[in-house]
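First up is the structure itself, then whatever we jot down about it.
Numbering (my numbering), first residue to last: 2 to 440.
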């Protein structure tokens, strides 16, 4: 890697969907020496005598994290010798469908690893425990924005999961392409206006070299400053003038050659492969994209600069939580174990195992997240950690995968000129609102 720009490291965050791959691996030697210090701990079970057996389900975490979870469970069982925790792990593919099927069959595990969208679906059917009511004291242990992400206004304001891990990261820029295509690699874009302006220059100077390889998603609208829902969480409103303006920018870029043709059909994998091949100027990444580039695209890695998340508003992040089955036959044990998994010490330990960030209060003050060494990985980690407390989980929990796909389809039609941006967003908002009302 040629450099990490200081300007870029002050405003960094990114959009990598955790649901695609669980968490990222990390092997930074400095993790062995970090100490979480004096942090809030929601894992204290007080005077409750715990006994019995529960099942704990994770999502695509057995490949590489067996030792962590085996030790975690052993520690809990040692502290609570009358208990047994059965750990199962589900593959990434079809996880939300698996959760829904188990819930419908009455076989959902007692404690589950879950994101906001799936949690919203299950909570709307009274499947998940509202921890705001069942365990209100625990909420003081988590970052406010992480709690907000698991608190659903559309379901009466209940909180349906203990916040667990977060992910955010930087933008990656191919400086070789910047220099070849009339741009200053020392002046990386930070806002959407700057990105669109530089994408136009790149397209003008290098006809076959687009800056952007992805369509705007619901998170993009949030980072652009678009109001996604009304204050009550009962209606999607992204078809407002700001949303229309964003889509029109992408349409113009497409016409100018600043947006790839494949982006109309490709998912994130197409964008990533294009950047690795040296065909794209910009890649929104994560805290573990750096390692991927280093290992699989070394020539591009040598010419990569890291800059800020492209955003007009707060940076975006993604969250995974630990939820309790409201129908668990051993709710005391399920609550205690969920709190144990997400307490400060265990979140800190997991963040050293994987390239993720903790949601528990106090941990981000540790030198592991505040002090750089001479490695690029530490610089990315420190810069991204600075953004976690201000970052927002923009994806509304009530916005289904089907609504996301439909939004993408409608934006593609607008970009190609088959309908106006306003018509496309009106149709997408209507589609999402119909499903919101049906829940």
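Virtual Cβ for every residue (Gly too), placed ideally from N, Cα, C. Only a predicted model underlies this, so the values are computations on that prediction, with no experimental measurement involved.
Residue 261 and residue 211 closer than 7 Å at C-beta: yes
Beta carbon of residue 56 nearer than 7 Å to that of residue 110: yes
Contacts around residue 181, its chain only, beta-carbon distance under 7 Å, and the 5 residues preceding and following it disregarded: 207
Check whether residue 398 and residue 137 have beta carbons under 7 Å apart: no
Buried versus exposed, by CB contacts within 10 Å (16 or more), residue 87: exposed
Under 7 Å between C-beta atoms of residue 433 and residue 153: no
Residues sharing a beta bridge with residue 54, DSSP: 85
Which of helix, strand or coil DSSP assigns to residue 316: coil
Burial state of residue 157 (16 or more Cβ within 10 Å): exposed
For residue 265 and residue 421, the rounded distance between their alpha carbons: 16 Å
Other residues of its chain near residue 122: CB distance less than 7 Å, five sequence neighbours each side excluded: 101
Completely contained alpha helix (DSSP H) runs for the region 188-226, where each covers 4 or more residues: 193-206 and 219-225
Where residue 381 falls: helix, strand or coil (DSSP): helix
Whether residue 173 touches residue 250 by CB criterion (7 Å): no
Cutoff 8 Å; reference residue 69; Cβ partners in own chain excluding five residues on either side: 350, 351 and 354
Residue 285: first and last residue of the uninterrupted beta strand (DSSP E) it sits in: 283-285
Whether residue 243 touches residue 223 by CB criterion (7 Å): no
Per-residue burial, residue 79 [other beta carbons within 10 Å of its own, 16 or more giving buried]: exposed
Chain-order list of residues whose beta-carbon lies under 8 Å from that of residue 430 (same chain, five-residue window excluded): 237, 238, 239 and 240
7 Å Cβ cutoff met for residue 120 and residue 320: no
Residue burial classification, residue 52 (beta-carbon count within 10 angstroms, cutoff 16): exposed
For residue 424 and residue 205, the rounded distance between their alpha carbons: 29 Å
Cross-strand partners of residue 324 (DSSP beta bridge): 113
Inter-residue spacing [alpha-carbon to alpha-carbon] between residue 378 and residue 292: 8 Å
Residues that DSSP places opposite residue 308 in a beta bridge: 172
Inter-residue Cα distance where the pair is residue 113 and residue 202: 48 Å
Three CB pairs or more closer than 8 Å across the region 330-339 and the region 303-321: no
Within 7 Å, strictly: CB atoms of residue 389 and residue 167: yes
Cβ-Cβ distance between residue 373 and residue 381 below 7 Å: no
Residue environment, residue 9, which counts as buried when at least 16 other CB atoms sit within 10 Å: The predicted position of residue 9 is uncertain, since its pLDDT is 35 and thus under 50; a value taken from the coordinates is nonetheless stated next. With 16 or more Cβ atoms within 10 Å of its Cβ, residue 9 is classed as buried.
From 276, 155, 218 and 133, residue whose alpha carbon lies closest to that of residue 177: 276
Chain-order list of residues whose beta-carbon lies under 6 Å from that of residue 295 (same chain, five-residue window excluded): 302
Extent of the continuous alpha helix (DSSP H) to which residue 403 belongs: 402-416
First and last residue of the uninterrupted alpha helix (DSSP H) at residue 434: 422-439
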